[in-house]
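Structure record follows, encoded as structure tokens.
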Amino acid sequence: MKMVLLLAGKTDQPWIRDGVAEYEKRISKYTRLEIVTLPDVKNPGNRPPEWVKSREAEKMVSFFRSDDHIVLLDERGTLYSTLGLAGWLRKAMMLPSKRIVFVVGGPYGFDPSVKARADHSISLSGLTFSHQVVRLLFAEQLYRVLSVNAGDPYHHE
339 MKMVLLLAGK TDQPWIRDGV AEYEKRISKY TRLEIVTLPD VKNPGNRPPE
389 WVKSREAEKM VSFFRSDDHI VLLDERGTLY STLGLAGWLR KAMMLPSKRI
439 VFVVGGPYGF DPSVKARADH SISLSGLTFS HQVVRLLFAE QLYRVLSVNA
489 GDPYHHE
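Heads up, the sequence shown is in the numbering used here, so the first residue is 339 and it goes up one at a time.
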């Protein structure tokens with residue numbers, strides 16, 4: 339099954355880009371991860387967050403395929419331990435979907451239309467992180483759970 343990390347807008351932080359690229363390289367030992375960065379919303383100005391989320395949602399929903407398994411990275415999602423997330427991913431990879439699409443929203447979160455399309459939602463922590471930092475944290479955790487599922491040593495065992 340193919341995995342996609344869908345990002346709302348680019349990052350201007352080189353350390354985040356470099357970190358994600360490092361984990362993308364590590365992940366390639368186990369599977370191919372396609373990272374797709376949607377263009378930033380044009381001319382957001384002083385528009386309300388709902389307007390920005392709606393424009394991001396249009397781009398996200400047009401990217402999704404009907405047979406995708408959509409997973410939102412959202413603070414209100416299911417909170418897993420690393421081993422719990424590894425178990426969830428093992429099961430998700432057996433679904434008939436062709437792609438698992440992990441989605442990082444913009445600074446205001448997700449529009450209701452994206453939430454309605456989602457099959458699952460994952461929280462990375464009870465703490466709040468910027469949508470930029472979530473990219474790096476998720477890339478690290480995806481690498482970790484793929485290595486656990488491959489039977490590589492896990493430092494807590």
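We put the beta carbon where it would ideally sit given N, CA and C, even for glycine.
- Around A456, the same chain offers I408, L410 as residues with beta carbons nearer than 6 Å, after the five sequence neighbours per side are excluded.
- When the Cα atoms are used, L371 and P382 turn out to be separated by approximately 30 Å.
- For the 7 Å CB-CB criterion, Q470 and Q351 form a contact.
- Under DSSP, D406 shares a beta bridge with R437.
- For A346, the enclosing beta strand (DSSP E) starts and ends at 340–346.
- In this structure, L423 sits near V483, with a CB-CB distance shorter than 7 Å.
- The continuous beta strand (DSSP E) containing S461 extends over residues 458–461.
- Between the beta-carbon of D406 and that of R437 there is about 5 Å, and that keeps the pair under the 8 Å contact cut.
- Inter-residue distance for T375 and N487 is about 27 Å (C-alpha atoms, whole angstroms).
- Nearest C-alpha to S451 among G347, L345, E388: E388.
- Assignment of L465 by DSSP, reduced to helix, strand and coil, places it in the coil class.
- If you look at V358, you'll find it in the alpha helix (DSSP H) that goes 352–365.
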